[in-house]
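Quick note on numbering: the sequence shown equals residues 1 to 196 in UniProt numbering. A quick write-up on the structure given underneath.
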Amino acid sequence: MNQAQDEEGELRAEHGNVHCSLTQYVKELKEHLRAVYKVVETNRDCKIYYDRNIKPMEYQVGELVILNKTSVKTGQSKKLALKWEGPYCILAKIRPVNYKIKKYQQKNSKIKLIHHNRLKKFFSSTSALLNEDEVVEIKAKTSKKNKKLRSSLPVPARGKGRAGATRSERVSNTKTLEVSPTAVLESTDEDEPYKP
Numbered sequence: 001m002n003q004a005q006d007e008e009g010e011l012r013a014e015h016g017n018v019h020c021s022l023t024q025y026v027k028e029l030k031e032h033l034r035a036v037y038k039v040v041e042t043n044r045d046c047k048i049y050y051d052r053n054i055k056p057m058e059y060q061v062g063e064l065v066i067l068n069k070t071s072v073k074t075g076q077s078k079k080l081a082l083k084w085e086g087p088y089c090i091l092a093k094i095r096p097v098n099y100k101i102k103k104y105q106q107k108n109s110k111i112k113l114i115h116h117n118r119l120k121k122f123f124s125s126t127s128a129l130l131n132e133d134e135v136v137e138i139k140a141k142t143s144k145k146n147k148k149l150r151s152s153l154p155v156p157a158r159g160k161g162r163a164g165a166t167r168s169e170r171v172s173n174t175k176t177l178e179v180s181p182t183a184v185l186e187s188t189d190e191d192e193p194y195k196p
């Protein structure tokens, strides 16, 4: 590395074919440090504001929570799958952020150790909670003949001789809700006069 002093008193460093003035380097470094200091100061202010307004969620033993599902079974759409499952009951608090939970009203369910970020408080009246025996789950079935997946949702049965029916004939046979104008008038508030 070759160093030479300029007639203005500037010290120049020569590195290959790149020349830079030491005073210019110091000037750019100061500007850069000021910008970095502003970013650090802004981040510190944001953290102070966030920490001031945060309300950490703590759960008590016996409280009901729901669990955020992170994975989806194969063959299911992630967009259409339920994001939360539960309710679960808190069994124990392990450290400030980890909880042992178990499915509510299931004796043989597995105990899970879950971080509090995946839990949310369950709000419901106790009468609204269903037993697991009452819950009916719709499952997809496979056909025995061709092993293809078929839906278990009900499909309207086709009548005899209706295979060649046009779409308008099929639509006309469907049940529709017909509302008469008198029914609409009866359902409106009595305080407000009817204006056609």
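For glycine and all other residues, C-beta sits at the position ideal for the given N, C-alpha and C.
Check                                                                                        : Outcome
Closest Cα partner of residue 117 within the set 32, 96, 81, 109                             : 96
Local conformation of residue 64 per DSSP, three classes                                     : strand
Given 8 Å, three or more beta-carbon pairs between the stretch 101–120 and the stretch 85–93 : yes
Residue 73 versus residue 79 - alpha carbon distance                                         : 12 Å
Local conformation of residue 28 per DSSP, three classes                                     : helix
Endpoints, the beta strand (DSSP E) within which residue 115 is located                      : 112–115
Straight-line Cα distance separating residue 26 from residue 39                              : 20 Å
Residue 54 burial status per 10 Å Cβ neighbour count (16 or more: buried)                    : exposed
Collapsed DSSP secondary structure at residue 138 in the structure displayed                 : Per-residue confidence for residue 138 stands at a pLDDT of 45, beneath the threshold of 50, marking its modelled position as unreliable; no derived number is given.
Under the three-state DSSP convention, the category residue 94 falls into                    : strand
Buried or exposed (CB count within 10 angstroms, at least 16 for buried), residue 28         : exposed
Cβ pair residue 94, residue 59 closer than 7 Å                                               : no
Per-residue DSSP class, three states only, for residue 48                                    : helix
Endpoints, beta strand (DSSP E) assigned at residue 202                                      : There is simply no residue 202 to check, as the chain begins at 1 and stops at 196 in what is shown.
7 Å Cβ cutoff met for residue 66 and residue 120                                             : yes
Spatial distance of residue 115 from residue 70 (CA atoms)                                   : 12 Å
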